[in-house]
Amino acid sequence: MANFLVIGGSGTTGRRITRRLRAAGLSVRTASRTRGDVPFDLGDPAGWAPALDGVTAAYLLEPELRAGVDHRARIPAFVADAVAAGVWRLVLLSAYGVGEAADGHPLKTAEQAVRDSGVGWTVLRPDWFAQNFSESFWLPAVLAGEVALPTGDGRTPFIDAEDIAEVAAAALTDDKHDGRTYQLTGPRTVGFGEAVELIGKAAGRTITYTDVDAEVLVRRWLANGVPEDVARLLAGLLVDVREGRGAVVSDGVDQALGRPARAFEDYVAAAAATGVWN
Ligand SMILES: NC(=O)c1ccc[n+]([C@@H]2O[C@H](COP(=O)([O-])OP(=O)(O)OC[C@H]3O[C@@H](n4cnc5c(N)ncnc54)[C@H](OP(=O)(O)O)[C@@H]3O)[C@@H](O)[C@H]2O)c1
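Residue 0 is where the sequence shown starts when you use numbering that gives the first Met the number 0, and the numbers rise one by one after that.
So, in structure tokens, the structure goes:
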């Protein structure tokens, strides 16, 4: 029996949320295809019931933005099943800019499902995670010593996943966040060149940042097995940063937690201390 369900509990945000809830003595079940307390696949509704058993509050995300996945249906279907199973609070991880996205955008549909659920809800719209440099997309490039992205001199207010998790854990446990949509960013914009320089200094290594044409990058990703729709989506979002259409600094962390967002420099120091870049 668990009161809290964390979908994607082994992922960047999910494992930090789980850690916080468990540290507070709360009963948490993580759910994912391969690494959860219960096996759970958003693509397989027949297997959802064991994950939802006894749960009153759930964290959910759409982990696979790619072709062949029925995004428009599965989060709404999961929300309906969760509410029918007795869940009375939902916290959805969305993304910065979804408010301006076209109707039919998978995360916009997911947001609407949560808002229409009839139970307490909170939507989180984070900017690019700082942890992409240490746990995800950009780590291999950092380790190879050259980060090449189509971001030019563009800047973005990277958000520390620790802040996302703290806001999510607060929203899962306190009804004062019900009905809120939080834009989550860091406290200032950081250029990719500056980010890489800070990481290089902290890691004691030379890491260069190179501006690259988006199409060149997409072809490189395709050669490395990244699905084409994912490659184009990510490249488009990075070009948005280059052209000044990316996120602006927002006070969402402060609104939710009553303190400023963590600085990128603090993220870099914490990540460097783990040895991930050595
Ligand atoms: N990275 C960024 O900069 C950024 C910025 C804004 C928004 N976001 C959003 O963040 C979300 C990803 O969150 P995250 O970074 O915390 O996760 P993550 O690190 O990408 O990990 C994904 C998690 O979901 C699980 N998962 C994958 N496919 C699944 C499926 N079909 N059914 C159930 N679980 C599945 C994975 O475990 P298994 O492999 O075991 O299933 C893992 O636990 C995406 O929706 C993305 O749009 C990311």
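Ideal Cβ placement from N, Cα and C applies to all residues, glycine included. Small disclaimer: the values here were computed from a predicted structure and weren't measured.
N-terminal and C-terminal residue of the alpha helix (DSSP H) that residue i is part of
{"i": "G199", "result": "F191 to A202"}
{"i": "Q130", "result": "No alpha helix (DSSP H) contains Q130, which DSSP labels as neither H nor E."}
{"i": "E264", "result": "F263 to A272"}
{"i": "E165", "result": "A160 to T172"}
{"i": "V82", "result": "H70 to A83"}
{"i": "V252", "result": "G251 to L256"}
Residue closest to residue i, alpha-carbon to alpha-carbon, out of the options
{"i": "L138", "options": "G151, R219, L106 and V195", "result": "V195"}
{"i": "A45", "options": "S26, F77 and E145", "result": "F77"}
{"i": "D210", "options": "V248, G151 and L171", "result": "G151"}
{"i": "E63", "options": "R73, T207 and G185", "result": "R73"}
{"i": "T205", "options": "E264, N277 and F3", "result": "N277"}
{"i": "T207", "options": "S9, F3 and I198", "result": "I198"}
{"i": "D159", "options": "D36, F39 and V252", "result": "V252"}
{"i": "P49", "options": "T33, R34 and R28", "result": "R28"}
{"i": "E214", "options": "A201, A202 and V238", "result": "V238"}
{"i": "A271", "options": "G24, V229 and E134", "result": "E134"}
{"i": "R34", "options": "L25, R19, A143 and T11", "result": "T11"}
{"i": "L232", "options": "R32, L142 and R65", "result": "R65"}
{"i": "P259", "options": "A84, S249 and D69", "result": "S249"}
{"i": "G257", "options": "A84, G224, H176 and D212", "result": "H176"}
{"i": "T55", "options": "W47, S31 and A84", "result": "A84"}
{"i": "T318", "options": "F136, W127 and Q254", "result": "The structure shown does not extend to residue 318, since the chain is modelled only from 0 through 277, so no value can be given for it."}
{"i": "S26", "options": "A269, A57, A234 and L216", "result": "A57"}
{"i": "G67", "options": "P226, A262 and Y266", "result": "P226"}
{"i": "A30", "options": "A22, D174, R19 and W47", "result": "W47"}
Element boundaries [beta strand (DSSP E), containing residue i]
{"i": "F136", "result": "Run containing F136: none; DSSP gives neither H nor E here."}
{"i": "G119", "result": "G119 to P125"}
{"i": "T108", "result": "T108 -> not in any beta strand (DSSP E); alpha helix (DSSP H) instead, spanning P105 to R114."}
{"i": "V27", "result": "V27 to S31"}
{"i": "A350", "result": "Any answer about residue 350 is impossible in this case: the structure gives the chain only from 0 up to 277."}
{"i": "T180", "result": "R179 to L183"}
{"i": "V225", "result": "First-last for V225: undefined, no H or E at that position."}
{"i": "V5", "result": "F3 to I6"}
DSSP-derived helix/strand/coil call for residue i
{"i": "A38", "result": "The question names Ala, but residue 38 is Pro in the sequence shown. Of the three classes helix, strand and coil, the one that applies to P38 here is strand, per DSSP."}
{"i": "I206", "result": "coil"}
{"i": "V217", "result": "helix"}
{"i": "T11", "result": "helix"}
{"i": "V238", "result": "helix"}
{"i": "T155", "result": "strand"}
{"i": "A66", "result": "coil"}
{"i": "V54", "result": "coil"}
{"i": "R88", "result": "strand"}
{"i": "V275", "result": "coil"}
C-beta contact flag for residue i and residue j at 8 Å
{"i": "G103", "j": "R71", "result": "yes"}
{"i": "V87", "j": "V118", "result": "This sequence places Trp at residue 87; Val is not what is there. Contact: yes."}
{"i": "P125", "j": "A169", "result": "no"}
{"i": "R154", "j": "T188", "result": "yes"}
{"i": "L91", "j": "G7", "result": "no"}
{"i": "G192", "j": "F157", "result": "no"}
{"i": "L123", "j": "A81", "result": "no"}
{"i": "G96", "j": "A246", "result": "yes"}
{"i": "F3", "j": "L171", "result": "yes"}
{"i": "A140", "j": "A147", "result": "yes"}
{"i": "P149", "j": "D212", "result": "yes"}
Residue i Cβ short of 7 Å to ligand 3 heavy atom set
{"i": "F39", "result": "In the structure on display, ligand 3 does not appear, and the ligands it does have are ligand 1."}
*Given 8 Å as the limit, is there contact between the region 15-24 and the region 161-169, that is, 3 or more CB pairs closer than that?*
yes
*With a cut-off of 8 Å, do at least 3 Cβ pairs link the region 214-221 to the region 176-184?*
no
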